[in-house]
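Below: the structure, in structure tokens.
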Amino acid sequence: MKIFTLLSGEHIEISEAELYSILKAENIKFSILTRLPQVIGLKLSRRGIDKIIARSSMCKLVGKLLLLCDADKNTIINSLSRININLKSKTFNVRIDRVRGCCKHISGHELEVLIGDIIRERMLGSVNLSSPDIRFYGILTGGKFVFGIVISQIKRSKFSEREPQKRPFFHPGTIKPLFARLLVNLSEIPSGEIFLDPFCGAGGILIEAGLINCRVIGSDIDPAMVRGAAVNLKYYNIDHDLVVADARYLPFRNIKYISTDPPYGISSTTMGENVKNLVEAFLKNIYQCLNKEAKICISVPQKLDIKFETGYRLMNEYFMRVHKSLTRRIILLSKE
Ligand SMILES: C[S@@+](CC[C@H](N)C(=O)[O-])C[C@H]1O[C@@H](n2cnc3c(N)ncnc32)[C@H](O)[C@@H]1O
1 MKIFTLLSGE HIEISEAELY SILKAENIKF SILTRLPQVI GLKLSRRGID KIIARSSMCK
61 LVGKLLLLCD ADKNTIINSL SRININLKSK TFNVRIDRVR GCCKHISGHE LEVLIGDIIR
121 ERMLGSVNLS SPDIRFYGIL TGGKFVFGIV ISQIKRSKFS EREPQKRPFF HPGTIKPLFA
181 RLLVNLSEIP SGEIFLDPFC GAGGILIEAG LINCRVIGSD IDPAMVRGAA VNLKYYNIDH
241 DLVVADARYL PFRNIKYIST DPPYGISSTT MGENVKNLVE AFLKNIYQCL NKEAKICISV
301 PQKLDIKFET GYRLMNEYFM RVHKSLTRRI ILLSKE
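Residue 18 in the numbering used here sits at position 18 of the sequence shown, and the numbers go up by one each step.
Set out below in structure tokens:
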């Protein structure tokens, strides 16, 4: 099926990377039809679509692609008139958005009305603005018009329902669920596989991995955090194995997927250790616990300039500005 995805506008490069990571993780074949600002067109199976909808943190909407053309009113109207769909009197509505003020010469409202008329007359649908059977959605982006039928509008509010303050155990050093899910997805873990967070804290990343059906293992040097993580994981009905352990001396073997957010020494403790030394020692020592196909996704402050030993291959890295004094560097490593 040909689809389009509307991605979060906050970190476009990372949103796109997350999309491909999910498809790779789940071993789904896909081809890229178009790459436009915040919009990616893909050809893939229904299973692939379901995985994006179930896993993504940065994708806002997935639609069945009906039309991709230049953002020109006549071209849009002519192209749409040639689409042969019979809605058999089903109800519909049409919404048009634009990315970053694209194509201001085209009025969104006028386009909605014109397209609505075509769908009514040629596709035999009837308008219902509030609760239609079918939702048509168009986006003006990068000088193009992308149009189709909404398959799923991904409720990012389901992540805010799991905000750290809403969990039974709260610690200020915990990351937000959207970011935690992103880190899990970037590790390219297939659902059902074993996932490790060696600086698990209150369990924020483990919760997101558990919710996509991974088997979660967590460790932390602080027994109070391990107890708190257990309470949180139980609250979300996630089976787990947790141990108190120093991430520089871990007791694991054959680990394949890790995502983690080590302490920055601000709201979570490094137990007196220098942050850069701690992260570099962790990377050095975890190496012997890894499967040969292992992937690590680690988020660290950019300014630390973390180095990793030979034996690792840098698959990718992304930079995410949080505020004036913190830019996160998300590093993706595999074994060489
Ligand atoms: C930023 S927090 C992790 C938060 C977690 N990702 C979450 O969302 O809840 C970092 C954690 O690392 C733990 N920590 C500090 N030094 C450690 C070490 N040497 N080994 C393992 N854990 C350590 C701290 O106790 C803290 O809970």
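In this text, a Cβ means the ideal position worked out from N, Cα and C, and glycines have one as well.
In this text, all values refer to a predicted model and were calculated from it rather than measured experimentally.
**Report entry** Environment of S57 [buried if 16+ CB atoms lie within 10 Å]
**Finding:** buried
Query raised in the report: Does the Cβ-Cβ distance between Y318 and A17 come in under 8 Å?
Result: yes
Query raised in the report: Do I3 and P37 have their CB atoms nearer than 8 Å?
Result: no
Report task. Over the uninterrupted beta strand (DSSP E) stretch that includes M320, give me the two end residues. Result -> Y312 to H323
Query raised in the report: Does the beta-carbon of D241 have 16 or more other beta-carbons within 10 angstroms, so that it is buried, or is it exposed?
Result: exposed
Requested in this report: Taking S187 as the reference, give the member of L129, L250 and I255 with the closest Cα.
Outcome: I255
Query raised in the report: Does the beta carbon of G210 fall short of 7 Å from some heavy atom of ligand 1?
Result: no
Query raised in the report: With distances taken from CA atoms, which of P190, G210 and S191 is nearest D197?
Result: G210
Query raised in the report: What do you reckon, is the C-beta of G248 under 7 Å from a heavy atom of ligand 1?
Result: Just to set this straight, residue 248 is Arg in the shown sequence, not Gly. R248 Cβ: within cutoff of ligand 1.
Query raised in the report: Does the region 201-209 come close enough to the region 231-245 to have 3 or more Cβ pairs within less than 8 Å?
Result: yes
Query raised in the report: Measuring CB to CB, does K144 end up less than 8 Å from D70?
Result: yes
Requested in this report: To the nearest angstrom, report how far apart R181 and L326 are at their CA atoms.
Outcome: 20 Å
Query raised in the report: Going straight from the alpha carbon of I40 to that of E293, what length do you get?
Result: 29 Å
Query raised in the report: Per DSSP, which one or two residues make a beta bridge with Y257?
Result: F195 and K295
Query - 8 Å contact criterion, which I28 and R46 should meet: CB distance rounded - result: Not quite, the Cβ-Cβ distance comes to about 10 Å (not below 8 Å), so this is no contact.
Query raised in the report: If you measure from the CB of S57, is any heavy atom of ligand 1 nearer than 7 Å?
Result: no
Query raised in the report: To which residues does DSSP link T5 through a beta bridge?
Result: I40 and V62
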